[in-house]
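Asks: Residue numbers (this note's numbering), protein chains in the order written: chain R, 45 to 405; chain C, 1239 to 1570; chain E, 48 to 411.
Heads up, the beta-carbon is just placed ideally off N, CA and C, and yes, glycines get one too.
Just dropping this structure here.
Written out as structure tokens, the structure is:
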């Protein structure tokens, strides 16, 4: 478990805003390097790790994906020692006043988000919510130093340091979705020791928080037979909708809804039950809010599954996950991959389809 | 060049109905490109240069279409109700005039709002074509019109309807003319239906399958009284896109453009556009993904019938593009 | 292009068999993501007429009906199988379930309606509150979906489960020249497409796509359009007729379409600016054959599968045509038989006039 925790702590301590994933991608490359046969970087910044299967060619392939980008901010304008910022990804401005951040300028340095005093704000904002456009980042530097260190377009991320909480919990920013990157890594570790017929593409996708673009292009690029997206979901806790949130330490949530091939869901649920891996069913009645939205409809379409790790306080500086949910997700992925054989696609046949009818490309 | 700009902005070409603009562009660029074709959606795709071992396929996209209106109903008194092609702001519209593709003219009026401060919507507006009955009305449901406002040369600055994005079209034409040789395959794409959701660039990018994409479009500025917060200003050079509402530029492409501008001593600005997006969004997500960004001409009063640009910015954008495309590209 | 009426003209008819096929389709449950029951009906109907068919990764049924020789225009026709509805998302016990709305349903129109739940179509009701127990203030507010439950009855809690889909439980009905039912959007398009496959004109390769997930974002059509890669596409839809009188008696200028005025040809909606060459094909065909038609009012609301199809690959010239219907996305929508008949006749006739020259030249 220590190795897992350490990797996750390293990942969340590393910046990787949408479109600027290089720093975090380099950490993942190091982690995946010994576990895969080949690493490739796609033109949109996705990292592909390839593990060939042992089946007869042409082999089917499964794409397992987790996005590596994380929400943050970008500098839009500089005034003396202060920075105006815009958000990258969805962030509630009400949680921001007083947050410590890291400014990725000419070098990384600390800053903090401040709520300017009432008389400096537009009329009517004195007691209400101050929108992001009127919050400032204090650089702590002089105006001259600031203009040397920072320029428009520079990135800013949360600076919250990880907190280990008794009972295998970890709190920190960017758990969405670095927790899932770790789950993929766990799966690759297990696969290293196991025999599997299908090719595996592990993909750390880019730009999920803005366009779901990394997922769209990786699915088009690799044309997998199946795709599994691993992301985080709302864990039960303060602020979560009681009936649409999932318990921590009760295992991964298996997605169900239009983004998910129903038979693929069934296969995952059956396997989890067989192996006694705790699991939950996540109702995604419309879109899943994950990379699966674009991955499923790339090119001719890909049967897709979504697995989610329950997480508290999504898109805040302190997101909390249960480490066992991460390792369980990794194990379920690896076991599923080992089950895949040349008959598997027949089990995905739609009920209405008759024998002899092609049911996928 | 100003006469080319005038010619281009004065041609009507709302989204989906760009054929007149396309014909004018064809005439201009034909002698300067190696190949030219029109795809099923109406994009004009040109190619210049055949590339070499180290050359890239570079797609530059400037959109032909402008915002406009389409008749949705003619009432019994001959007033034409309309819908928008692209984002038309009601506040910029009342009292304005439109010219239909069939030659008819009209003025835009609005129902008296319930109170002085009430904001109206396009559904409460109509086009008055100077007739008194449905029978006499020279337009019918589905007819398309562009805003009518002539080009004015204010010396340093120019103002007209449809600068968004005919100024980009003019820049792309002049770039293709001025580009004497290139190690790349330069695909000059004059795209359609940008204003309704970057649709033309979506299919054009699929067809071209480029290694690198740039949108040549306009962007907003913050240099007028109480304007939205932005450090951008007219006259301070082409704006290099870092981010807009629909995409985040590839930082390697941004660095490449910036280095080129520095090398050629061309002034430039960095652009973060909070509202709106460009063809670069569509190019970026094409096929297996394309490193993309944009170079924008700063513009005031975007999506009004009087959009203003600075002539130096226009010339500098062309200079920058020619400089960038004349030499090898290495993204890092 | 100019269309001249052919001497022999025999478009497919809408008779008792076709109406009963629509009845079956309308009553089938097929909320976006769960189109199985509709898919089954479609496959049973078209199997004997198709040269080939397959079900793709998302569940679209893609059918090929080849023309009389090799090099003919490849024309895609699409109609979506899915409908708006509900998904049970939380079991509260005692047969009560919380639910989500799938697709665009006006939440003011769902309370106190019967539903069918799950594959076995267990009857239930969307629970309403007795007026006696409401306060006057409460009665002036829209009822929040959060407070609503689908009730399968105490003792029946095992008959439904979270993840089951539900639809309005509306029986199909014919009333003179009017047809009433749930999900006529777009089962009437599906029914028309089945008829077109059965009576396919020989001058084209007809590539039919019965699509999924239209109501949640035109998703099936996206992959179908990419896979089929046709020369052109026509989407068969069902679109709102908002042709009611206005409260103050002023002219209704936003009717979208009108009932009984014939098929509605699209010229602009939120998702597509149809190819003008296909608009002319449909209009000129209607005029040459005296088939009544109307233009769907252009606007920035509503989108069809054409929105996804026309953007695939290097672009696919596309258009939509609709049977106008009142009260779409409510428990019961309503169409006129003549509109359906004329839509089918117009599409079939226009198809029979498609030649390799139909899309010659550039879009304009």
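Cβ of residue 60(R) within 8 Å of Cβ of residue 67(R)?
Replies: Within the first chain, numbered from 1, the residue matching residue 60(R) stands at position 16. Within the first chain, numbered from 1, the residue matching residue 67(R) stands at position 23. Yes; because the gap between Cβ atoms is below 8 Å, this pair is in contact.
Asks: How many Å lie between residue 407(E) and residue 95(R) at the Cα?
Replies: In the third chain, residue 407(E) corresponds to position 360, counting from 1. In the first chain, residue 95(R) corresponds to position 51, counting from 1. So the alpha carbons of these two residues sit roughly 48 Å apart.
Asks: Relative to the alpha-carbon of residue 1418(C), which residue among 1509(C), 1560(C) and 1253(C) has its alpha-carbon at the smallest distance?
Replies: Along the second chain, one-based indexing puts residue 1418(C) at 180. Nearest of 1509(C), 1560(C) and 1253(C) to residue 1418(C), Cα basis: 1560(C).
Asks: Secondary structure at residue 119(R), three-state DSSP: helix, strand or coil?
Replies: Translated into the one-based positions of the first chain, residue 119(R) becomes position 75. Residue 119(R): strand per DSSP, three-state reduction.
Asks: Straight-line CA distance for residue 1357(C) to residue 1305(C)?
Replies: As a position in the second chain, residue 1357(C) is number 119, starting the count at 1. As a position in the second chain, residue 1305(C) is number 67, starting the count at 1. Taking the straight line from one Cα to the other gives about 21 Å.
Asks: Start and end of the alpha helix (DSSP H) containing residue 1437(C)?
Replies: Here residue 1437(C) refers to the residue found at position 199 of the second chain. Note, residue 1437(C): alpha helix (DSSP H), 1437-1446.
Asks: Mind the definition here: the region 1372-1380 of chain C touches the region 1328-1337 of chain C only if three or more C-beta pairs lie below 8 Å; say whether that holds.
Replies: no
Asks: Residue 347(E) touches chain C at which residues, Cβ-Cβ below 8 Å?
Replies: The residue given as residue 347(E) occupies position 300 in the third chain. 1321 and 1322, listed in chain order.
Asks: Return the first residue and the last residue of the alpha helix (DSSP H) that residue 354(E) is part of.
Replies: Locating residue 354(E) in the third chain gives position 307, counting from the first residue. Start and end: 353-356.
Asks: Under 8 Å Cβ to Cβ from residue 222(R), same chain only, skipping five residues before and after it: list those, please.
Replies: As a first step, residue 222(R) must be located in the first chain, where it is residue number 178. Closer than 8 Å at the Cβ level, and outside the excluded window around residue 222(R), lie 52, 55, 56, 68, 112 and 114.
Asks: In this structure, what does DSSP give as the bridge partners for residue 1509(C)?
Replies: For this step, residue 1509(C) is matched to residue 271 along the second chain. DSSP, once it has assigned bridges, lists 1479(C) as partnering residue 1509(C).
Asks: Between the region 1397-1408 of chain C and the region 1296-1303 of chain C, do three or more beta carbon pairs fall short of 8 Å?
Replies: yes
Asks: Alpha carbon to alpha carbon, how far is residue 355(R) from residue 45(R)? Give it in angstroms, no decimals.
Replies: For the purposes of this step, residue 45(R) is taken as the residue at position 1 of the first chain. For the purposes of this step, residue 355(R) is taken as the residue at position 311 of the first chain. Cα to Cα, residue 45(R) sits roughly 18 Å from residue 355(R).
Asks: I think residue 310(E) touches residue 369(E), with their Cβ atoms under 8 Å apart; what is that distance to the nearest whole Å?
Replies: Position 263 of the third chain, counted from the start, is the residue given in the question as residue 310(E). Position 322 of the third chain, counted from the start, is the residue given in the question as residue 369(E). Right, their Cβ atoms sit about 7 Å apart.
Asks: Between the region 1423-1434 of chain C and the region 1281-1299 of chain C, do at least 3 Cβ pairs fall closer than 8 Å?
Replies: yes
Asks: Look at residue 228(E) and residue 75(E) and say whether their C-beta atoms are less than 8 Å apart.
Replies: The residue given as residue 228(E) occupies position 181 in the third chain. The residue given as residue 75(E) occupies position 28 in the third chain. No, Cβ-Cβ distance for residue 228(E) and residue 75(E) is not below 8 Å.
Asks: Using a Cβ-Cβ cutoff of 9 Å, what residues of the region 1421-1445 of chain C are near chain E? List them in chain order.
Replies: 1430, 1431, 1434, 1435, 1437, 1438, 1440, 1441, 1442, 1444 and 1445
Asks: Going by C-alpha distance, which of 1246(C), 1240(C) and 1255(C) is nearest residue 323(E)?
Replies: Taking the third chain and counting its residues from 1, the one referred to as residue 323(E) is at position 276. When only C-alpha atoms are compared, the closest one is 1255(C).
Asks: If you measure from the beta carbon of residue 1301(C) to each beta carbon in chain E, is any gap under 8 Å?
Replies: Residue mapping note: residue 1301(C) aligns to position 63 of the second chain, counting from 1. Taking Cβ atoms only, chain E never reaches closer than 8 Å to residue 1301(C), which makes this a no.
Asks: Quick test of your reading: residue 92(E) and residue 241(E), contact by CB under 8 Å. State the CB separation rounded to the nearest angstrom.
Replies: To locate residue 92(E), count along the third chain from 1; it is residue 45. To locate residue 241(E), count along the third chain from 1; it is residue 194. Their Cβ separation, rounded to whole angstroms, is 5 Å, which keeps residue 92(E) and residue 241(E) in contact under 8 Å.
Asks: Does any residue of chain R have a CB that is nearer than 8 Å to the CB of residue 1523(C)?
Replies: The count along the second chain starts at 1 and reaches residue 1523(C) at position 285. It does: the Cβ of residue 1523(C) has a partner Cβ on chain R nearer than 8 Å.
Asks: Applying the criterion that 16 or more other CB atoms from any shown protein chain within 10 Å of the CB defines a buried residue, is residue 1592(C) buried or exposed?
Replies: This structure does not reach residue 1592(C), given that chain C is present from 1239 up to 1570, and the question cannot be answered.
Asks: Indicate whether at least one CB of chain C lies closer than 8 Å to the CB of residue 121(E).
Replies: The count along the third chain starts at 1 and reaches residue 121(E) at position 74. By this cut-off, residue 121(E) is not an interface position.
Asks: Mind checking whether residue 254(R) and residue 1527(C) have CB atoms under 8 Å apart?
Replies: Here the question's residue 254(R) lines up with position 210 in the first chain. Here the question's residue 1527(C) lines up with position 289 in the second chain. Not a contact, by the Cβ cut-off of 8 Å.
Asks: Taking only the alpha-carbon atoms, compute the straight-line gap between residue 266(E) and residue 1269(C) and give it to the nearest angstrom.
Replies: As a working mapping, residue 266(E) is identified with position 219 in the third chain. As a working mapping, residue 1269(C) is identified with position 31 in the second chain. Taking the CA atoms as reference points, residue 266(E) sits about 43 Å from residue 1269(C).
Asks: Could you tell me the boundaries of the beta strand (DSSP E) in which residue 136(E) lies?
Replies: In the third chain, the residue the question calls residue 136(E) occupies position 89. In the DSSP annotation of this structure, the continuous segment of the beta strand (DSSP E) that includes residue 136(E) starts and ends at 132-140.
Asks: Rounded to a whole number of angstroms, what is the C-alpha to C-alpha distance between residue 290(E) and residue 1373(C)?
Replies: Sequence index remark: in the third chain, residue 290(E) carries index 243 (1-based). Sequence index remark: in the second chain, residue 1373(C) carries index 135 (1-based). The straight-line gap from Cα to Cα measures roughly 21 Å.
Asks: Excluding the 5 residues flanking residue 119(E) on each side, which residues of the same chain have their C-beta closer than 7 Å to its C-beta?
Replies: As a first step, residue 119(E) must be located in the third chain, where it is residue number 72. Once the five neighbours on either side are set aside, the close Cβ partners of residue 119(E) are 250, 251 and 252.
Asks: Measuring only between beta-carbons, confirm whether residue 386(R) sits less than 8 Å from chain E.
Replies: Position 342 of the first chain, counted from the start, is the residue given in the question as residue 386(R). By this cut-off, residue 386(R) is not an interface position.
Asks: Whether or not the region 1386-1396 of chain C and the region 1259-1273 of chain C are in contact is what I'm after, with contact meaning three or more pairs of Cβ atoms, one per stretch, closer than 8 Å; do they touch?
Replies: No, they do not touch.
Asks: Cβ of residue 1278(C) less than 8 Å from any chain E Cβ?
Replies: For the purposes of this step, residue 1278(C) is taken as residue 40 along the second chain, with counting starting at 1. Residue 1278(C) counts as touching chain E.
Asks: Looking at the secondary structure, which residues open and close the alpha helix (DSSP H) in which residue 390(R) lies?
Replies: Within the first chain, numbered from 1, the residue matching residue 390(R) stands at position 346. From DSSP, the alpha helix (DSSP H) with residue 390(R) extends over 388-391.
Asks: Look at the Cβ atom of residue 270(E), then the Cβ atom of residue 128(E), and state whether they are nearer than 8 Å.
Replies: As a position in the third chain, residue 270(E) is number 223, starting the count at 1. As a position in the third chain, residue 128(E) is number 81, starting the count at 1. Contact: no.
Asks: Less than 7 Å between the CB of residue 1331(C) and some heavy atom of the ligand HEM, yes or no?
Replies: Looking at this structure, you won't find the ligand HEM or any other ligand, since it has none at all.
Asks: Is residue 399(R) buried or exposed, if buried means 16 or more other CB atoms sit within 10 Å of its CB?
Replies: To locate residue 399(R), count along the first chain from 1; it is residue 355. Per-residue confidence for residue 399(R) stands at a pLDDT of 46, beneath the threshold of 50, marking its modelled position as unreliable; no derived number is given.
Asks: Along chain R, in chain order, which residues have C-beta atoms closer than 9 Å to that of residue 1485(C)?
Replies: For the purposes of this step, residue 1485(C) is taken as residue 247 along the second chain, with counting starting at 1. Residues of chain R passing the Cβ test: 63, 251, 254, 255 and 257.
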